[in-house]
Amino acid sequence: MVESKTSRSSERQHIIDAAYRCMDRNSGASTSITEILNEAGLSTRAFYRNFSTKHDLLLEMFRRDREAVLAQLREIVARAPTPTEALRLWMMHMFEIVSDPRKRKRMATFYSEEMRRTPGYARELELVATAEESALATILHRGRADGTFTACAPEADARTIRAAFEAAFLDRFHQKSTTTVAEDVDQLLGFVLRGVGALESSHAALSSAE
Numbered sequence: 001m002v003e004s005k006t007s008r009s010s011e012r013q014h015i016i017d018a019a020y021r022c023m024d025r026n027s028g029a030s031t032s033i034t035e036i037l038n039e040a041g042l043s044t045r046a047f048y049r050n051f052s053t054k055h056d057l058l059l060e061m062f063r064r065d066r067e068a069v070l071a072q073l074r075e076i077v078a079r080a081p082t083p084t085e086a087l088r089l090w091m092m093h094m095f096e097i098v099s100d101p102r103k104r105k106r107m108a109t110f111y112s113e114e115m116r117r118t119p120g121y122a123r124e125l126e127l128v129a130t131a132e133e134s135a136l137a138t139i140l141h142r143g144r145a146d147g148t149f150t151a152c153a154p155e156a157d158a159r160t161i162r163a164a165f166e167a168a169f170l171d172r173f174h175q176k177s178t179t180t181v182a183e184d185v186d187q188l189l190g191f192v193l194r195g196v197g198a199l200e201s202s203h204a205a206l207s208s209a210e
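Numbering (full-length UniProt numbering), first residue to last: 1 to 210.
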């Protein structure tokens with residue numbers, strides 16, 4: 001029984017890895033189950049042992065990447081010595097996803113037309129937004145509790161911060177940004193810190209980033 005479960009898990013991962021390769025090769029364009037199975041060297045029966053439809057496969061891929069990114073963010077934020085530094089590191093890590101060519105290519109897969117047509121995809125995006133806002137709110141609660149942020153409404157401010165960040169994030173993803181990552185972080189962090197009543201911290205944060 002243990003061997004059977006291990007084999008099934010390995011088979012499932014093999015299909016997922018093959019799907020990533022196919023979508024990368026097609027620059028995010030539509031990929032058929034046949035193409036994925038040819039890449040994996042597996043049968044149609046193997047596919048349907050693991051996934052009900054191709055949509056199930058695509059959403060599983062999205063969830064795995066989402067959880068990996070969120071886990072990295074939680075770890076980075078937990079290690080930050082101050083709430084201000086936690087915000088800066090959160091922004092830096094997110095920008096690195098679209099600044100690194102390999103990571104950006106992986107992200108492009110999940111913003112592809114193939115994914116946008118997948119039933120359930122919009123809901124998955126909502127879950128991403130909720131998780132990111134929750135992470136930001138946790139940082140803001142920490143800053144309010146220790147007196148770093150003196151004019152802070154964590155949940156409401158988290159939504160505003162994420163919206164402002166997302167605009168800059170998508171500009172960089174679509175390669176429209178004309179500034180460096182450090183410049184984007186400085187600008188956004190200064191905006192955020194002024195909004196939450198941490199003007200002195202803003203100066204310190206920007207100086208430390210130079």
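Ideal Cβ placement from N, Cα and C applies to all residues, glycine included.
Since we're looking at a predicted model, the values are computed, not measured.
Take residue i as the anchor and find which of the options has the nearest alpha-carbon.
| i | options | result |
| --- | --- | --- |
| D184 | D157, L89, R142 | L89 |
| I97 | R66, A86, E85, Y121 | R66 |
| F165 | T31, A135, M91 | M91 |
| T138 | A167, F51, V77, R117 | V77 |
| S30 | Y121, A156, E114 | E114 |
| P154 | R49, F62, A135 | A135 |
| A168 | V196, L140, S112, S99 | S99 |
| R102 | Y20, S9, V196, G195 | Y20 |
| F95 | R194, S7, V181 | V181 |
| C22 | R79, R106, T82, A80 | R106 |
For residue i, which residues in the same chain have their Cβ closer than 6 Å to its Cβ, ignoring the five residues on either side in sequence?
| i | result |
| --- | --- |
| D171 | S177 |
Starting from residue i and walking both ways along the alpha helix (DSSP H), at which residues does that stretch end?
| i | result |
| --- | --- |
| R142 | 121-145 |
| V185 | 181-195 |
| D65 | 54-79 |
| N50 | 44-50 |
| H93 | 83-99 |
| A167 | 154-173 |
| N38 | 33-40 |
| R116 | 113-116 |
In its own chain, which residues sit with a C-beta less than 7 Å from the C-beta of residue i, not counting the 5 before and 5 after it?
| i | result |
| --- | --- |
| A131 | L70 |
| T118 | H55, L58, L59 |
| T191 | It is Phe, not Thr, that sits at residue 191 in the sequence shown. Around F191: A164. |
| H93 | Q72, L73, I76 |
Report all residues from its chain with a CB closer than 8 Å to the CB of residue i; omit the five preceding and five following residues, and keep chain order.
| i | result |
| --- | --- |
| A198 | T84, G143, T148, F149, T150 |
| I15 | I36, L37, A40, L42, A46, F47, N50, F51, L57 |
| E11 | L42, A46, R49, N50 |
| R162 | A129, E132, E133, L136 |
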